[in-house]
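For the record, in the sequence shown the residue sitting at position 213 is 400 according to the working numbering, with numbers rising by one throughout.
Virtual Cβ for every residue (Gly too), placed ideally from N, Cα, C.
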Amino acid sequence: MEMIIQDMHSIITEDEYPIKRIDNHIDDYDIKQKVVQKHLKSGVHAYRHSASSTSASRRPTAATESRVYGRTGRHGVPHPAKVRTGGEDAYTVVSGVNGTLTAVLDGVGGWASVGVDSGLYSKALAHQIEVEFLSWDRNTSIASAASSAASSPRSNSSSSSSLDCEARPLLEILERAYAHVSARGLEGSCTVCMSMLLPTGQLHTLNLGDSGLRVVREGTIAFATTEQQHSFNYPLQLGSTSVDIPADALYHIIDVLPGDTIITASDGVWDNLWDAEFLGLVRDSVCAKKSFSAGLDELARSVVEAAHRRGADKGYYSPFAHNAKNAGMSNLRGGKLDDTTAVVLRVCKRAGIM
Numbered sequence: 188m189e190m191i192i193q194d195m196h197s198i199i200t201e202d203e204y205p206i207k208r209i210d211n212h213i214d215d216y217d218i219k220q221k222v223v224q225k226h227l228k229s230g231v232h233a234y235r236h237s238a239s240s241t242s243a244s245r246r247p248t249a250a251t252e253s254r255v256y257g258r259t260g261r262h263g264v265p266h267p268a269k270v271r272t273g274g275e276d277a278y279t280v281v282s283g284v285n286g287t288l289t290a291v292l293d294g295v296g297g298w299a300s301v302g303v304d305s306g307l308y309s310k311a312l313a314h315q316i317e318v319e320f321l322s323w324d325r326n327t328s329i330a331s332a333a334s335s336a337a338s339s340p341r342s343n344s345s346s347s348s349s350l351d352c353e354a355r356p357l358l359e360i361l362e363r364a365y366a367h368v369s370a371r372g373l374e375g376s377c378t379v380c381m382s383m384l385l386p387t388g389q390l391h392t393l394n395l396g397d398s399g400l401r402v403v404r405e406g407t408i409a410f411a412t413t414e415q416q417h418s419f420n421y422p423l424q425l426g427s428t429s430v431d432i433p434a435d436a437l438y439h440i441i442d443v444l445p446g447d448t449i450i451t452a453s454d455g456v457w458d459n460l461w462d463a464e465f466l467g468l469v470r471d472s473v474c475a476k477k478s479f480s481a482g483l484d485e486l487a488r489s490v491v492e493a494a495h496r497r498g499a500d501k502g503y504y505s506p507f508a509h510n511a512k513n514a515g516m517s518n519l520r521g522g523k524l525d526d527t528t529a530v531v532l533r534v535c536k537r538a539g540i541m
């Protein structure tokens with residue numbers, strides 16, 4: 188469908204767009220294209236970023252098995268037109284013995300055109316992710332897992348009581364949560380971005396769609412997830428009529444350091460904030476606080492409010508407008524007003540660790 192767009196606020200929004208594409212996606216989807224897409228993504232679903240596989244020479248000690256923990260902050264603002272329902276974004280932040288999990292889910296608002304509030308879907312999936320994480324946490328021991336991974340670095344087996352170097356706990360959690368919500372017959376769909384900080388200093392990330400995560404270290408972006416789109420403004424999503432599945436998500440395992448700041452956010456942030464402005468907000472937050480782990484709710488709020496202001500600016504050349512231009516929509520301008528959610532996780536050194 189061709190459109191001549193004069194400004195961002197006249198464009199059909201992402202929340203209005205995908206529902207029609209979902210219907211077409213089911214009726215007319217080319218199976219060969221799906222196979223090609225899966226092959227293109229194979230091999231990058233999981234990899235170790237800036238770190239080699241665990242080996243016997245790097246066998247964890249009692250000290251390194253629990254050397255970091257996470258402090259968190261969060262904030263969200265719905266689109267002005269969705270204040271009554273609270274918007275379609277959802278998030279969860281939960282800590283256990285074996286780590287801290289964060290997740291941001293962005294419900295596809297186009298479902299409203301058929302009388303469905305996709306915010307109910309995203310919130311239900313977020314809740315079930317929390318339930319499945321707590322179940323995983325009760326049945327997993329990172330301490331024994333570290334030793335297991337060290338002694339068998341190439342093992343493909345998994346255990347309910349350990350986490351080997353090939354394990355993808357976020358994928359397991361999401362698959363279980365998605366199966367539970369699907370069995371309930373809920374209508375709707377959403378994108379998903381998740382992270383899990385382990386006490387060993389590993390960060391697991393999973394992203395499906397166009398929400399995303401950044402790891403900020405010493406004022407620079409040390410790692411960023413990659414958004415997944417079927418086509419411009421049509422992200423991969425989980426839902427009642429989507430052909431996408433949790434295994435389509437991109438999965439990464441990276442090593443993080445005390446002082447790293449991890450921000451997971453819906454596309455309401457990344458569509459409206461360039462990296463330089465985003466990094467400035469993180470830097471200002473760090474400089475303004477005597478305690479490096481304090482003020483995380485304030486940081487989340489500042490990121491969300493800045494993105495929301497940019498989204499309402501019709502004269503602003505936003506990242507979304509830039510991406511639209513690259514997709515052939517050369518007349519696009521302005522921010523993209525949307526539900527906007529950010530969860531902040533700061534890596535902290537556990538007391539007594541050298």
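Using the Cβ count rule (16 or more neighbours within 10 Å means buried), how would you classify residue i?
i	result
Q415	buried
N513	exposed
K225	Caution applies to K225, whose pLDDT of 36 falls short of 50 and renders its modelled position unreliable; the value that the coordinates give is listed next. Exposed is the call here.
L444	exposed
C474	exposed
E405	exposed
R271	exposed
P422	buried
N285	buried
H495	buried
E319	buried
P267	exposed
N518	exposed
T413	exposed
K501	exposed
R551	Lying before the first or after the last residue shown, residue 551 is absent from the chain, which here runs from 188 to 541.
A493	buried
R254	buried
R153	What is shown of the chain runs 188 to 541, which leaves residue 153 out entirely.
H417	buried
S322	exposed
S369	exposed
If you run the structure through DSSP and keep just helix, strand and coil, what is residue i?
i	result
Q315	helix
D293	strand
R271	coil
A434	helix
V303	coil
G399	strand
S322	helix
G522	coil
L468	helix
K310	helix
W461	coil
H236	For H236, the predicted structure reports a pLDDT of 41, less than 50, and the residue's modelled location is therefore unreliable. A value from the coordinates is still provided. If DSSP states are grouped into helix, strand and coil, H236 belongs with the strands.
Just curious, the alpha helix (DSSP H) that residue i is in, first and last residue?
i	result
F507	P506 to N513
S369	P356 to A370
D442	From DSSP, D442 is part of no alpha helix (DSSP H) but of the beta strand (DSSP E) over L437 to D442.
D276	Run containing D276: none in the alpha helix (DSSP H); it sits in the beta strand (DSSP E), D276 to G283.
From which residue to which residue does the beta strand (DSSP E) around residue i run?
i	result
G408	Note on identity: in this sequence residue 408 is Ile, with Gly being the wrong assignment. Per DSSP, I408 belongs to the beta strand (DSSP E) from T407 to A411.
L483	That residue, L483, is in no beta strand (DSSP E); its alpha helix (DSSP H) goes L483 to G498.
N394	Q389 to L395
Name the DSSP beta bridge partners of residue i, please?
i	result
Y256	C535
G375	Bridge partners of G375: none, in fact.
V530	R261 and T451
S418	Y421
M516	According to DSSP, M516 bridges with nothing at all.
S382	T289 and T392
G426	S376
R404	T407
Could you pull out every residue in the same chain whose Cβ sits closer than 7 Å to the Cβ of residue i, ignoring the five residues on either side in sequence?
i	result
L532	G257, T259, T287, T289, S382, L384 and I449
E152	Because the chain here runs from 188 to 541, residue 152 falls outside it and cannot be looked at.
S453	D276, V291, D293, S398, D526, T527 and T528
S472	G482, E485, L486 and S489
D324	G283, V284 and N285
Starting from the C-beta of residue i, find all residues in its chain whose C-beta is less than 6 Å away, skip the five residues before and the five after it, and write them out in chain order.
i	result
R401	I408, A411 and I450
D447	V402, R404 and V534
A487	G260, R261, H262, A529 and V531
H367	Q315
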